[in-house]
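If you're matching positions, the sequence shown starts at 1 in the numbering used here and goes up one per residue.
Backbone N, C-alpha and C fix where the C-beta goes; we use that ideal spot for every residue, glycine too.
Reading through the structure tokens given below for one structure.
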Amino acid sequence: MDNPKDKQKGIIISKHMKLLEDIKCGLTNDGNSTEELNNSINVEDTQGEVAKLTDVSEIVSKSAQIDNPDEVISDEVVSQNTNEIKAESEEKESQEATNPEDTDSENEKSVVISEPTEAMMEEMMQDDAETASNITTGRKVMAFWKRGGMHVQDRTRCQDTAFCIGYDEKDSLYSKYAENHNKIKVVMDGCGSCEYSLLGVLMFEEEFKRKASEIQISPDNLEDVIKEIFQKMLRFGNSVNFILDNFLFTILICFEYDDHFDVCTCGDGFILFMRNGQLYFKELEGSEKNEQGKVLPNYFAYDLEEVKGKLSNYKDGTEFELYTFDKETYSDVGVSSDGIRFFSRLNDEAKSELFSMIYYRMPNGVERLLNEHKGIFMDDFSVAF
């Protein structure tokens, strides 16, 4: 006899998949109301069951496949890196507690960009001729993401993504944004401790691009746009536990105009900016800590009415932070997930090579270097520059 719980779970998964297809195709007001959708989709958690969608990327029409299913990192390397990462984190927290006034200056560092070598020039030509499935390139921009070592070890998907609007002439939105002197670079990083944060990342990307085709997105209307997107996503599930499992992710957006860059951030990661021939990187962190003293990213989902005031941190919600860079001082600005932080463990030559390849928009070169040091870059890595 069939187990009633298994049958119910099958129905639940089927409804979830149907709603994801609706999100992919664009939600309209023609169908059920939000309340009706919630009543038909949400599951009372009386049995402790949450539908597990193992192939969300296929439904949301985004390639987030595991790069190399057979790729492995030895347990010894993982253990060594985990211990080193923990020690570095504890040392940083200790320094912040001792010298809190030095935190801002420590969050901004730089690497000198070297002139491209002959080998780099050859790689740049190869990058122009080849485009990998997880890389998009344009004349002036690179959006790149790659799975980190920890996800290779536990055989989970990359939870980062990056994309750009208005740079590539092949982009359907190129004329809309380029002609209006507004281009956009976006990086998103799903919370690693959330089981399905990739689901939220992919849903958000799909709806952000759709909204960008309807209106001109800018820092002035960004929060309203994002609130509207999250309201659509909440039709998939709006309980606190569901939101915390699926919708915790960093959002980093860089708007480029004729005379300046505006960077809007909500979560953790890095802002990258060029000044006087050096590539600087400013670390972004949350403003609150948990009981163990760990800094918590200020995810936008904490500002939802369904969540606000119900957690021990960010009880008053959160908001985007705005950073402005004028082009007279800063020649280029981009964003990156916090997975780039492991560069600090490279030697000086490898550091310079990594950031030079980012500066010269060499995605294949970046991927090669990350593969050479996959035991160092343990977290997902994404950059839009």
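Residue i burial status per 10 Å Cβ neighbour count (16 or more: buried)
i, result
"Met121", "exposed"
"Gln159", "buried"
"Leu369", "buried"
"Ser344", "exposed"
"Thr117", "exposed"
"Asp380", "buried"
"Asp171", "buried"
"Ala119", "exposed"
"Arg155", "exposed"
"Ile215", "exposed"
"Val141", "buried"
"Lys374", "buried"
"Asn364", "buried"
"Gly166", "buried"
"Ser331", "exposed"
"Thr324", "exposed"
"Ser193", "exposed"
"Glu367", "buried"
"Val240", "exposed"
"Ser287", "exposed"
Enclosing beta strand (DSSP E) for residue i [first to last residue]
i, result
"Lys185", "Lys183 to Gly190"
"Arg275", "Gly269 to Arg275"
"Glu283", "Gln278 to Leu284"
"Ser382", "Phe381 to Ala384"
Coil, strand or helix - residue i by DSSP
i, result
"Lys141", "A quick correction: the sequence has Val, not Lys, at residue 141. DSSP places Val141 in coil when its eight states are reduced to three."
"Ser455", "Examination of residue 455 is not possible in this model, given that the chain is present from 1 through 385 alone."
"Ser110", "strand"
"Phe230", "helix"
"Leu222", "helix"
"Lys294", "coil"
"Gly375", "coil"
"Phe249", "strand"
"Ile217", "coil"
"Thr156", "coil"
"Asn169", "It is worth fixing the name first, because residue 169 is Glu in this sequence and not Asn. If DSSP states are grouped into helix, strand and coil, Glu169 belongs with coil."
"Ser133", "With a pLDDT of only 41 at Ser133, under 50, the local geometry of the prediction cannot be trusted, and the value read off the model is given with reservation. Correct three-state label for Ser133: coil."
"Glu367", "helix"
"Glu115", "coil"
"Glu288", "strand"
"Asn42", "The predicted position of Asn42 is uncertain, since its pLDDT is 34 and thus under 50; a value taken from the coordinates is nonetheless stated next. In this structure, Asn42 counts as coil in the three-state DSSP scheme."
"Ser61", "With a pLDDT of 36 at Ser61, under the threshold of 50, the predicted position of this residue should be treated as unreliable, though the coordinate-derived value follows. Looking at Ser61 - three-state DSSP - the assignment turns out to be coil, as it is neither helix nor strand."
"Glu122", "helix"
Any non-hydrogen atom of the ligand HEM closer than 6 Å to residue i Cβ
i, result
"Tyr280", "This structure simply doesn't include the ligand HEM, nor any ligand for that matter."
Enclosing alpha helix (DSSP H) for residue i [first to last residue]
i, result
"Leu199", "Ser197 to Glu214"
"Phe261", "First-last for Phe261: His260 to Cys266, but that is the beta strand (DSSP E), not the alpha helix (DSSP H)."
"Val152", "Gly149 to Gln153"
"Ser175", "Tyr174 to Ala178"
Reference residue i, options the options, closest by Cα
i, options, result
"Glu291", "Asn276, Gln278, Phe300 and Ser312", "Ser312"
"Lys209", "Ser352, Ala162, Asn238 and Glu367", "Ala162"
"Asp459", "Val335, Leu202 and Asp258", "The structure shown has nothing for residue 459, since the chain only spans 1 to 385."
"Gly190", "Ser344, His373 and Gly339", "Gly339"
"Asp168", "Phe261, Asn182 and Ser110", "Asn182"
"Lys227", "Ile376, Leu304 and Met357", "Leu304"
"Gly149", "Lys351, Met378 and Glu206", "Met378"
"Val333", "Leu248, Leu272, Glu206 and Leu199", "Leu272"
"Asn112", "Gly375, Tyr359 and Asp380", "Checking the sequence, you will find Val at residue 112 rather than Asn. For Val112, the nearest C-alpha among the options comes from Tyr359."
"Thr250", "Asn241, Asp268 and Asn238", "Asp268"
"Glu321", "Ser175, Leu346 and Pro219", "Pro219"
"Ser337", "Ser110, Ala119 and Arg147", "Arg147"
"Glu205", "Glu195, Gly192, Cys194 and Lys185", "Lys185"
"Val307", "Gly237, Ser331 and Gly286", "Gly237"
"Val152", "Ile376, Gly365, Asp245 and Glu283", "Ile376"
"Phe261", "Glu328, Ser175, Val366 and Tyr299", "Glu328"
"Ile243", "Val187, Lys374 and Gln231", "Gln231"
"Glu195", "Phe355, Asn246 and Glu283", "Asn246"
"Lys289", "Ala178, Asp224 and Asn298", "Asn298"
"Leu199", "Val225, Leu234 and Lys211", "Leu234"
"Ser213", "Lys176, Leu248 and Val240", "Lys176"
"Glu115", "Phe300, Ile253 and Glu349", "Glu349"
"Arg361", "Val383, Glu319 and Ile217", "Val383"
"Glu256", "Tyr314, Met357, Met203 and Cys164", "Cys164"
Closer than 7 Å to chain C by CB, residue i
i, result
"Met142", "Considering every chain present, this structure includes no chain C. It has just one protein chain."
Point to revise | Whole alpha helix (DSSP H) elements within the stretch 312 to 365, 4-residue minimum | key: 348 to 359
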